[in-house]
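To start, the structure under review is shown below, and the notes come after it.
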Amino acid sequence: MTKPVQPNEPIVTHIYTADPSAHVFEGKLYIYPSHDLDHENTSNDNGDQYDMEDYHVLSMDGVDGSCVDHGEALHVKDVPWAKKQMWAPDAAFKNGKYYLFFPARDHDDIFRLGVATSSSPSGPFAAEPDYIPGSFSIDPAVFIDDDNRAYIYFGGLWGGQLEKWQTGSFIADAEGPADNAPALGPIVAELSNDMLTFKDQPQEISIVDEHGEPIVAGDEERRYFEGPWVHKYNSTYYLSYSTGSTHKIVYGTSQSPTGPFAYKGTILTPVLGWTTHHSIVEFQDKWYLFYHDSSLSGGADNKRSVKFAELKYNEDGTIQTIDPYGK
Ligand code: FUB
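Mapped onto the working numbering, the consecutive letters of the sequence shown carry residue numbers 22 to 348.
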């Protein structure tokens, strides 16, 4: 019998999992994580240590029950366009189908975003033969608004290659903006009704400070790095993301799903391990943050474990900061 899950503890321990995207489907919590592997690849800023090959879908009937691993849902060998590095995925339900969105390097080593479909939230998923036309970079996250329009958010610096797309084409040696120039924002595109293509040209999202000025690239405590997630609470849109080099999950709010977003504060203080990555979901009238850290592996950057914590709002809609170690 599997052990019940506990807040701020790994939800599974038989495999390493990271980058959790949590959703409520068919009355249960489904978690779509990366599946970290135990290998000896060199750790570097290019992310070579994150050499994942497949996805497993996890589910929980409740936050005090056990977590089920539904087994391999998609493997890179079954994705014709993809070569390696199956990084942070997300899932969505529309048109009576489940869609798995995922990044991987294509055969030219360029990160692209793919889609796979299933009739079940636990998969297995069948990949489309090609990546989403016009897609690039990493960390897709899909938000479906109350009017049923679906938006995909994506983008990550460094190994995620976002700097290389500033001109609209891939420039292999492109660097990020100067420290005093606006930081690169995440990218958003509305998805077509069949969820397989972008409806329009992807747009960069602006994240601004308390004076309405763009957050600059040198402001590493607040600037966007990777791992976007959008949710809606009391009619306000919340964009949350990792600050990468300063290891925090932070957020901003907007009255539009495409921004601009006004920076508000920190959701999650740094965890053990270099990366931090999260999702936010409402389940049975409470809100939860799913995140990962490397404590189960003793701190190995490429061997992370998904955990969760309750997320609470203040009366004014701001989010209370979570310290995962209760300091
Ligand atoms: O898991 C590989 C990468 O690490 C993800 O795509 C990033 O968000 C970071 O968590």
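Built from N, CA and C at the ideal position, the CB exists for glycine as well.
For residue i, which residues in the same chain have their Cβ closer than 6 Å to its Cβ, ignoring the five residues on either side in sequence?
i, result
"alanine 210", "Ile173, Phe219, Pro223"
"asparagine 29", "Lys328, Ala330, Pro345"
"proline 249", "Ala162, Tyr174, Pro207, Tyr262"
"threonine 279", "Val209"
"threonine 23", "Ser87"
"serine 266", "Glu241"
"serine 64", "Gln70, Asp322"
"threonine 297", "Ser263, His268, Ile270"
"serine 315", "Leu293, Gly294, Ala321, Arg325"
Using only alpha-carbon positions, find the residue among the options that is nearest to residue i.
i, options, result
"phenylalanine 114", "Gly233, Ser277, Leu134, Leu217", "Leu217"
"aspartate 69", "Ala148, Leu58, Val78, Lys269", "Leu58"
"glycine 286", "Ser316, Val229, Ala238", "Val229"
"aspartate 240", "Tyr51, Val271, Asp127", "Val271"
"tyrosine 120", "Ile131, Met107, Ser141", "Ser141"
"proline 281", "Leu310, Phe304, Ile236", "Ile236"
"leucine 317", "His35, Lys24, Asp129, Val97", "His35"
"proline 25", "Gly347, Ile226, Asp221, Cys88", "Cys88"
"aspartate 160", "Gly135, Lys333, Asn169", "Gly135"
"valine 45", "Gly197, Val292, Ser156, Ser300", "Ser300"
"glycine 181", "Val97, Asp166, Asp130", "Asp130"
"glutamate 184", "Phe157, Asn201, Ala171, Ser139", "Phe157"
"glycine 294", "Tyr309, Asp75, Ile165, Lys324", "Lys324"
"tyrosine 334", "Lys253, Gly265, Val292, Gln276", "Lys253"
"glutamate 61", "Lys269, Gly86, Ala321", "Ala321"
"asparagine 201", "Glu234, Glu225, Asn169", "Glu234"
"glycine 197", "Ala238, Asp314, Glu225", "Ala238"
"arginine 243", "Ser277, Tyr284, Gln276, Thr274", "Tyr284"
"phenylalanine 122", "Phe132, His128, Asn116, Thr138", "Thr138"
"alanine 147", "Asp167, Ser275, Asn169, Asp99", "Asp99"
"histidine 91", "Pro145, Asn67, Lys118", "Pro145"
"isoleucine 192", "Glu231, Phe132, Asp337", "Phe132"
"lysine 49", "Asp82, Pro31, Ile32, Val33", "Asp82"
"aspartate 167", "Asn255, Gly319, Ser42", "Asn255"
"lysine 118", "Asn214, His232, Gly273", "Asn214"
"aspartate 337", "Thr274, Gly347, His128", "Thr274"
Give the C-beta separation of residue i and residue j to the nearest angstrom, bearing in mind that I take them to be a contact with Cβ-Cβ under 8 Å.
i, j, result
"alanine 199", "tyrosine 245", "Between tyrosine 245 and alanine 199 the Cβ distance is about 16 Å, and since that is not below 8 Å, they are no contact."
"serine 143", "serine 55", "Serine 143 to serine 55, Cβ: 17 Å. No contact."
"serine 263", "tyrosine 37", "With 8 Å as the limit, serine 263 and tyrosine 37 do not qualify as a contact, their Cβ atoms being about 18 Å apart."
"threonine 290", "aspartate 344", "5 Å"
"glutamate 150", "proline 101", "A small correction: the amino acid at residue 150 is proline; glutamate does not occupy that position in the sequence shown. That pair is a contact at about 5 Å."
"glycine 176", "proline 154", "The pair is not a contact, with the Cβ atoms about 17 Å apart (cut-off 8 Å)."
"alanine 125", "alanine 103", "4 Å"
"threonine 339", "isoleucine 288", "With 8 Å as the limit, threonine 339 and isoleucine 288 do not qualify as a contact, their Cβ atoms being about 10 Å apart."
"valine 251", "phenylalanine 164", "4 Å"
"tyrosine 51", "valine 78", "6 Å"
"alanine 39", "histidine 268", "Incorrect: roughly 14 Å between the Cβ atoms, too far for contact."
"phenylalanine 260", "isoleucine 226", "Before going further, note that residue 260 is leucine rather than phenylalanine in the sequence given. Rounded, the Cβ-Cβ distance is 7 Å, consistent with contact."
Per DSSP, residue i is paired with what?
i, result
"alanine 39", "Ser55"
"glutamate 211", "Tyr172"
"aspartate 314", "Ser326"
"threonine 257", "Tyr254"
"phenylalanine 157", "DSSP lists no partner for phenylalanine 157."
"isoleucine 301", "Leu310"
"glutamine 224", "Val209"
"serine 139", "Tyr119"
In chain order, what residues of the same chain have a beta carbon less than 7 Å from the beta carbon of residue i, not counting five sequence neighbours either side?
i, result
"lysine 307", "Glu331"
"histidine 96", "Glu74, Asp75"
"aspartate 221", "Ala210, Glu211"
"glutamine 106", "Tyr71, Asp72, Met73, Ala125, Arg126"
"valine 33", "Leu79, Cys88, Asp90"
Excluding five sequence neighbours on each side, which residues of the same chain lie with their C-beta closer than 8 Å to the C-beta of residue i?
i, result
"glutamate 47", "Pro142"
"glycine 86", "Pro25, Val26"
"alanine 171", "Ala113, Lys115, Val163, Phe164, Ile165, Glu211, Leu212, Met216"
"asparagine 67", "Trp179, Gly180"
"asparagine 169", "Lys115"
With a threshold of 9 Å between beta-carbons, can residue i be considered close to chain D, or not?
i, result
"isoleucine 340", "Chain labels in this structure do not include chain D; a single protein chain is all it has."
Report task. Return the chain-ordered ranges of every beta strand (DSSP E) run that is complete within the stretch 54–136 and spans a minimum of 3 residues. Result -> 75–81, 88–96, 103–105, 111–115, 118–127
**Report entry** Those runs of the beta strand (DSSP E) which lie wholly inside the stretch 262–295 and span at least 3 residues
**Finding:** 270–275, 282–289
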